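Enquirer: Residue numbers -24 to -1, 1 to 112, in mature numbering (1 follows the signal peptide of the UniProt record, and there is no 0), belong to the letters of the sequence shown in order.
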Amino acid sequence: MCVPAMRVWWLVMVVVLGTQESLGSRVLMLTPIAFKSHTIFYRALDKALVEHGHEVTQVLPFNNSAASGVRKVVLPLPNINDVMSSVFNDGTIGFMKFSSKVQSEICMAALTSDEFIEIRKQQFDVVLLSEWLCYG
């Protein structure tokens, strides 16, 4: 049975934030394919995690104004906003083909970047993945 994405996010929120007694965890947020508008959600999530004593590392393709106390790792990737700016001119099918291709390329670049390889060597208690991470 497929669980809708929103239910998964609520489950993550309950598990990570649900107990005040929990010790601070090391949290890795992987968001290498993110539109700037999506970072509003991530900013709220990383702020809440830091406020609850967690150590947060966020991997993203551009420098954003993350919450204070969040370690940011900016990958040298093309900004999805720039890449996708004209894709809607080709209609829905063109968008889907291009979107899948771009996501795969950005995903491969992210997973093979020196910055990400260094992150993989570290230990984290929880990993939160973007809904756009490498499913194409």
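No residue lacks a Cβ here, since even glycine has one placed at the ideal position from N, Cα and C. Everything numeric in this text was worked out from a predicted model, so none of it was measured.
Leu4 lies in the beta strand (DSSP E); which residues open and close that run?
Expert: Along the sequence shown, read from residue 1 onward, the residue named residue 4 stands at position 28. Membership of Leu4 in the beta strand (DSSP E) is indicated by the continuous run 2 to 6.
Enquirer: Leaving out five residues before and five after Glu91 in sequence, what residues of the same chain have Cβ atoms less than 6 angstroms from its Cβ?
Expert: Counting from one through the sequence shown, the residue named residue 91 turns up at place 115. So the list reads Val49, Leu51, once near-sequence residues are dropped.
Enquirer: Does the Cβ of Leu53 have 16 or more other Cβ atoms within 10 Å, making it buried, or fewer, making it exposed?
Expert: Counted from its first residue, the sequence shown places residue 53 at position 77. Label assigned to Leu53: buried.
Enquirer: In whole angstroms, what separates the C-alpha of Thr33 from that of Gln98?
Expert: Here residue 33 refers to the residue found at position 57 of the sequence shown. Here residue 98 refers to the residue found at position 122 of the sequence shown. Thr33 and Gln98: Cα-Cα distance of roughly 11 angstroms.
Enquirer: Would you tell me roughly how many angstroms separate the C-alpha atoms of Arg19 and Leu87, rounded to the nearest one?
Expert: Position 43 of the sequence shown, counted from the first residue, corresponds to residue 19. Position 111 of the sequence shown, counted from the first residue, corresponds to residue 87. Whole-angstrom Cα-Cα distance: 22 angstroms.
Enquirer: Which residue marks the beginning of the beta strand (DSSP E) containing Lys97, and which one marks its end?
Expert: Along the sequence shown, read from residue 1 onward, the residue named residue 97 stands at position 121. Where Lys97 is concerned, there is no enclosing beta strand (DSSP E), given that its DSSP letter is neither H nor E.
Enquirer: Between the Cα of Leu21 and the Cα atoms of Leu(-2), Pro37, Ala85, Gly45, which residue gives the shortest distance?
Expert: Numbered from its first residue, the sequence shown carries residue 21 at position 45. Of Leu(-2), Pro37, Ala85, Gly45, the residue nearest in Cα terms is Gly45.
Enquirer: Look at the alpha carbon of His28 and the alpha carbon of Gly(-1), and state the distance between them as a whole number of angstroms.
Expert: If you number the sequence shown from 1, residue 28 lands on position 52. If you number the sequence shown from 1, residue -1 lands on position 24. Spanning the two alpha carbons is a distance of roughly 7 angstroms.
Enquirer: Taking DSSP as the reference, what is the three-state secondary structure of Leu25?
Expert: Mapped onto the sequence shown, residue 25 falls at position 49. In the structure shown, Leu25 sits in a helix (DSSP, three-state: H, G or I).
Enquirer: Determine which residues share a DSSP beta bridge with Leu105 and list them.
Expert: Within the sequence shown, residue 105 is the residue found at index 129, counting from 1. Paired residue(s): Leu6.
Enquirer: Is it right to say Met5 is buried, meaning 16 or more other beta carbons lie within 10 angstroms of its own, or is it exposed?
Expert: Translated into positions along the sequence shown, residue 5 becomes position 29. Buried: at least 16 other Cβ atoms inside 10 Å.
Enquirer: Can you give me the C-alpha to C-alpha distance between Ala24 and His30, rounded to a whole angstrom?
Expert: Here residue 24 corresponds to residue number 48 of the sequence shown, with the count starting at 1. Here residue 30 corresponds to residue number 54 of the sequence shown, with the count starting at 1. So the alpha carbons of these two residues sit roughly 9 angstroms apart.
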